[in-house]
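J.: Residue numbers (my numbering): 375 to 569.
Even glycine gets a Cβ: it sits at the ideal position worked out from N, Cα and C.
Encoded as structure tokens, here's the structure I'll be asking about.
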Amino acid sequence: MTAAAPTSSRGPLLSLPTLTTLLLITALAAAPHAPRLPAWLLVLAVGCGLWRYWAARRGERLPPGWLRTLLTVGAAAGIYLEHGSLLGRDPGTALLVAMAALKLLEMRQRRDVHVLMYLGYLLAATQFLYDQSIGMIVYLALTGWALTVLLMVAHQARPPANPWRHAHLATTLLLQAIPVMLILFVFFPRVAVTR
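Okay, here's the thing in structure tokens:
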């Protein structure tokens with residue numbers, strides 16, 4: 375039986391500069407959640423990011439499946455012990471951070487990269503459950519813009535000669551979304567933020 379030809383979602387993984395940018399932008403998306411996360415989860419997230427960077431830089435193998443499974447079960451158990459549940463705003467956000475961090479350790483194909491970027495969008499969006507201030511809106515809009523630029527770059531077979539072209543297109547998309555955002559702001563109820 376012959377293997378199927380790789381599709382675009384299974385192409386070669388990111389270049390080291392693009393991977394580094396992905397790690398930094400994912401950290402930016404998760405950073406506002408840091409004060410609400412347990413210290414062990416922050417250590418896990420940073421450790422997974424450093425491990426992924428080191429593995430890419432040195433050409434090392436990623437951790438075996440049994441270790442990733444152990445880390446995943448351990449993270450879920452830790453979040454359950456911390457919050458008494460895996461459901462709800464705080465445990466759900468902690469679980470999302472843990473799963474994004476652990477996804478770094480299994481990024482082997484291009485589709486895994488896309489999943490991590492979408493998790494970055496979710497991490498940014500969940501921050502609105504905690505803070506809807508103007509400063510946070512600007513911060514998360516810039517994070518979303520950076521994720522969009524990176525998503526465009528990641529869809530290229532080779533690193534683009536002019537990444538600013540993607541930045542310009544992402545800016546255009548963000549500006550085109552403002553009228554829709556204003557309509558949603560006016561006509562749809564917002565989630566009350568409890569402090």
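Reducing DSSP to helix, strand and coil, say where Arg482 ends up.
T.: Arg482: coil per DSSP, three-state reduction.
J.: Note down, in chain order, each residue of its chain lying with its Cβ closer than 8 Å to the Cβ of Val487, except the 5 sequence neighbours on either side.
T.: Here the set comprises Leu387, Leu388, Leu396, Met481, Ala528.
J.: Would you mind sorting Ala378 into buried or exposed? The rule is 16 or more other CB atoms within 10 Å of its CB.
T.: Summary for Ala378: the model assigns pLDDT 36, below 50, so the residue's position carries little reliability; its value from the coordinates is reported in the next sentence. Looking at its Cβ environment, which holds fewer than 16 other Cβ atoms inside 10 Å, Ala378 is exposed.
J.: Taking all protein chains shown into account, decide if Gln501 is buried (16 or more other Cβ within 10 angstroms of its Cβ) or exposed.
T.: Flag for Gln501 reads buried.
J.: Quick check on the burial criterion: 16 or more other C-beta atoms within 10 angstroms. Buried or exposed for Met491?
T.: Met491 should be labelled buried.
J.: Below 6 Å CB to CB, which residues in the same chain sit around Glu456 once its five sequence neighbours on both sides are set aside?
T.: Answer for Glu456: Pro412, listed in chain order.
J.: For Thr381, does the count of other Cβ atoms within 10 angstroms reach 16, so buried, or fall short, so exposed?
T.: Residue placement at Thr381 cannot be trusted, given a pLDDT of 35 that sits under 50; the coordinates are not used to answer.
J.: Tell me whether Gln530 sits in a helix, a strand or coil according to DSSP, three-state version.
T.: Residue state, collapsed to three classes: coil.
J.: Within the continuous alpha helix (DSSP H) that includes His457, where are the two ends?
T.: Where His457 is concerned, the enclosing alpha helix (DSSP H) stretches over 439-457.
J.: By how many angstroms is the C-alpha of Trp519 removed from the C-alpha of Gly439?
T.: Rounded to the nearest angstrom, the two C-alpha atoms are 33 Å apart.
J.: Terminal residues of the continuous alpha helix (DSSP H) containing Gly423?
T.: Residues 413-432.
J.: Taking DSSP as the reference, what is the three-state secondary structure of Asp464?
T.: Note: Asp464 maps to helix in three-state DSSP.
J.: Helix, strand or coil for Arg435 per DSSP?
T.: Of the three classes helix, strand and coil, the one that applies to Arg435 here is coil, per DSSP.
J.: Do you know whose CA, among Ala498, Arg484, Ala450, lies nearest Leu476's CA?
T.: Ranking Ala498, Arg484, Ala450 by Cα distance to Leu476 puts Ala450 first.
J.: What's the C-alpha gap between Val471 and Ala429?
T.: Going by the C-alpha atoms only, they are around 21 Å apart.
J.: Using only alpha-carbon positions, find the residue among Leu521, Thr443, Val447, Leu461 that is nearest to Leu548.
T.: Residue Leu521 is the option with its Cα nearest to Leu548.
J.: Taking the Cβ atom as the reference point for each residue, do Leu479 and Arg442 lie within a distance shorter than 8 Å?
T.: Contact: yes.
J.: Go ahead and pull the three-state DSSP assignment for Gln506.
T.: Note: Gln506 maps to coil in three-state DSSP.
J.: Give the DSSP-derived three-state secondary structure of Leu388 in the structure shown.
T.: Residue state, collapsed to three classes: coil.
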